[in-house]
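Working notes for the structure below.
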Amino acid sequence: MSLRTPIILLFLWLASIASAQTVRWQRGAANDQLDLLFIDCSPAAVPQPPLVAGLTFTRIGTSTSMTVVNGVPSSTVAVSYVVDSQSGGQVTIPSFEVDTNRGVVVVPSFSWSAAATTQANALASSNLSTPSNSYWVGEVFPLQYTMTTPARLLTQIASDIEWNSAPLVAEDWSNPESGGSTIGGERMVHIIYRSAAYSNTEGQINLEAARQLMNIQTGGTGFGFGLLPRIEQVTVTSNRPAITIRPLPTNAPASFRGAVGQFELTSSVVPTSVTIGEPVTWTLELSGVGNWPDQGGLPARDVSRDFEAVQPTARRTPVNGRLFEAVLAEDVVLVPTRPGTYTLGPVTYTYFDPADGRYHTVRTEPTTVEVTDPDGLSLKMPPPQQATPTQTFQAGDEFPDAPGAPGAIPRDPLPSANSALAPLLPQPFALVLAVPPALLILSWVGLAWRRAVLSDPLRRRRLAERRLKAILAGMRGAGAPSDQQSRQLLDWQRAAAESWGVSHAAPPSEAITDPDWQRLWEEADRAMYSNGGLLPADWRERAGTAHAGRRLRPVNPLRALHWRNLLPFLAIALACALAPHGRAAQAAADPDTAYSQGNFPAAEQSWRAATRQDPRNWVARHNLALALAQQDRWAEAAAHASVAFVQNPRNPSVHWHLTPVLTEAAFAPADILPFARKAWPQSMARYASPTEWQAVIAGAMVIACLSAFFGLLRAYGNRRPWVSRTALSLLLVAALVGTAGVVSLRAYGMTADQRAVLAWRTGTLRSIPTEANATQQTTPMPAGSVAIADRTFLGWLHLRFPNGQTGWVRSGEVVGFWR
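Letter 738 of the sequence shown, counting from 1, is numbered 732 in the working numbering, and no numbers are missing.
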């Protein structure tokens, strides 16, 4: 054989291999899906299809398969794309080159008939929207983010919404709401988030796009013996809506300070008649919905210099945790130094109402304060505010420091006490013992009678009868009704409707069957709502006569002896004993089924509801951690797994899952980490929960007391040997059990406190419970921190840490160990 023959065979072998390595397009399982097939090769990098006008390529996943034909194996790598065509029709993808592990391969051109893309063809889409596209500067408007996916696909939310709200000032997104619709003949699922925002910048604004990770089933993968579901994580990007922010009108009053929204201002002065040296508290309260983060505070108040003032403190209280709805209250304490008559107020506040596009000024009524001399002198002096200058008080004014507390000196002596009473003789003592049961029976009957009155079917009508009598007694005069009398007539109509058992919110006169009451009702309507309407002069007397002529039957005293009134606590106890079993059975069935079917969000919701109903349900805590881990939400899963472990550390599954969950979460609470590392005290402590170790300590105390009792028997002359041995044995058992209980309880650290909470994500510790005040001091709160929650305030928790640091956080950032 010549040298030329092997060279020719090698060339032919290389050519056959090269010819087998191909890359081509193929139609996918869906109408809008194309697969780029790499046969006997694989992509060296992510393939980039060529740019084609009107086409959008979205890569949704990669799958690998292998076949064996006549003993020759062949592998195929499929890169799948969702292709959106704007116009549809015949579409051609030109040829292009791709890098593979076997070199550069040319992909031939590919043509097919594409359908125009509709929302139903999209794998997932999101939309950011506002009710209008034009708003005023500072106007609070609603925002809505909607994620839409086909119902036929298994989808899961994989992250929170990532959205840069700048230049808007925006609230946090609400909890998601679900909905559905049919688009293009296909059932779609909508996940809706809501927020609110406003802008301080005028002009055209293109909102930033919102992004969110979604786990979506895009097909299957396998080796020819069946396909497994293929779940891909994709980033869904929303649109960028454009809104126009209009500048406020230029005719703003001089008192306008930038408030935009709807507001109310109230003023109260307590008391209005004092003597020199007695304090007067002047309170201003501003409430409403608007751009609270940009408001500086309440307006200034003018007060005579004959008053000494204490530094006012403004208190901003959010309503239901909302950023743009709050109540701002400020107190000024005034101490008069001279007698006279003084006027406090009025105070005005100007805001812009975007609803009607106008500036409004609210004004409080002035209040007169009478200051007298305690000695009765100088009571007829002219009002001093007419001749003395005034001073202005507003939050932030500087005042001298308050004086410190006086030094320690002996306190007042205690009053003398009577001598102790002597013990009672047996017969009087028996009578005394009989008094509590008698009082208990009387109290029982009294409570039964009270319950009978409260459960009376006619109770609301009886209360309405009383209100009718009070309203009629407070009415004065006739003719054209004043504002106060109009309110009294409206209250009379409401009470009359309830008295007659009419359930309508605004019933007509025909709803009342009595002709006299109908005539009174119609006369009240004419007086309140018609032009020039007058109230007849005898209306009040006729109303009183109609009310006096109608009486409801009295409450039957025998109702107090009904078993429902005598035994309410028994009924409550039975309900409490039976209700949890039914709920537990339902809660155990539904989430388990959802979890086994891969519907982890549904299982999470069920187990989360169970933990809210009973925070000490360790089974629901453990299962919730598993459902969260299945969704790669390891941080929150670690928090609930830690709580389940503290509540029941003996369970093998709970103990086993603790270490991997903490490892994935990348944090471990300081009090839980030794349990995962199996340190010595914790290895003993994990055989019982903190509550059980407290019971062990209590049992050790009982055993110690028994040991002391046998010791007393020995000391009082009982010389039997078993008495001494029993005392020593019990003392040894009490020492061992008590020591084990104390050491184990201390091993749990702060988690043994029923107020303990765990931060499951990195948060911000604030000095005051609000996010609106940008000047307050804050510090980061690391994930895994354990603290004591000693106070609550409108969705905020006040935490106390082991180093003495305190602060406020949102309640959603922590998980309670016991409640």
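All C-beta atoms in this analysis are idealised placements derived from N, C-alpha and C, irrespective of residue type, glycine included.
Look up residue i in the DSSP assignment and say whether it is helix, strand or coil.
| i | result |
| --- | --- |
| Ala698 | helix |
| Ser81 | coil |
| Leu317 | coil |
| Asp665 | coil |
| Tyr742 | coil |
| Trp167 | coil |
| Gln625 | coil |
| Ala467 | helix |
| Pro102 | coil |
| Val46 | coil |
| Glu180 | strand |
| Leu572 | Confidence in Leu572 is poor, its pLDDT being 44 and thus under 50, which makes the residue's placement unreliable; the coordinate value appears in the next sentence. Of the three classes helix, strand and coil, the one that applies to Leu572 here is helix, per DSSP. |
| Pro509 | helix |
| Glu820 | Because residue 820 is not part of the residues shown, which for the chain are -5 to 813, the question remains open. |
| Leu162 | strand |
| Tyr681 | coil |
| Trp812 | coil |
| Arg544 | coil |
| Gly255 | strand |
| Arg481 | helix |
How long is the line joining the alpha carbons of residue i and residue j, rounded to whole angstroms?
| i | j | result |
| --- | --- | --- |
| Ile210 | Ala679 | 44 Å |
| Ala621 | Ser590 | 11 Å |
| Ser261 | Arg299 | 20 Å |
| Phe661 | Glu598 | 22 Å |
| Ala537 | Gln487 | 11 Å |
| Pro501 | Met469 | 22 Å |
| Ala248 | Ser123 | 36 Å |
| Ile151 | Ala729 | 55 Å |
| His616 | Arg602 | 11 Å |
| Val326 | Pro333 | 19 Å |
| Ala246 | Trp790 | 37 Å |
| Ala489 | Leu457 | 9 Å |
| Trp511 | Ala540 | 7 Å |
| Leu466 | Ser480 | 13 Å |
| Pro41 | Pro67 | 24 Å |
| Gly252 | Gly315 | 23 Å |
| Gly801 | Leu529 | 59 Å |
| Thr94 | His184 | 40 Å |
| Gln625 | Pro287 | 36 Å |
| Asn200 | Glu364 | 59 Å |
| Val163 | Ser120 | 21 Å |
| Asn64 | Cys35 | 20 Å |
| Gly339 | Thr361 | 6 Å |
DSSP beta-bridge partners for residue i?
| i | result |
| --- | --- |
| Met208 | Ile151 and Val228 |
| Asp29 | Gln20 and Ser74 |
| Leu278 | Ser261 and Glu324 |
| Thr773 | Leu759 |
| Pro136 | Ala190 |
| Trp802 | Arg760 and His792 |
| Pro67 | Val62 |
| Arg352 | Asp347 |
Is residue i buried or exposed, if buried means 16 or more other CB atoms sit within 10 Å of its CB?
| i | result |
| --- | --- |
| Tyr681 | exposed |
| Cys699 | exposed |
| Gln482 | buried |
| Asp532 | exposed |
| Leu788 | exposed |
| Gln198 | exposed |
| Ser81 | exposed |
| Gln289 | buried |
| Phe346 | buried |
| Ser738 | buried |
| Arg460 | exposed |
| Arg295 | buried |
| Met60 | exposed |
| Leu8 | At Leu8, the pLDDT of 47 sits below 50, so the modelled position is not reliable; the number obtained from the coordinates is stated separately. Result: exposed. |
With a threshold of 7 Å (Cβ to nearest heavy atom), would residue i be considered close to the ligand SAH?
| i | result |
| --- | --- |
| Cys35 | You won't find the ligand SAH in this model; it holds no ligand whatsoever. |
Hey, does residue i have any beta-carbon neighbour from chain C nearer than 8 Å?
| i | result |
| --- | --- |
| Ala633 | The structure shown contains no chain C; it is built from a single protein chain. |
Original post:
Of all the alpha helix (DSSP H) runs that stay within the bounds of the segment 596 to 650, which reach a length of 4 or more residues?
Top reply: 612 to 624 and 628 to 641
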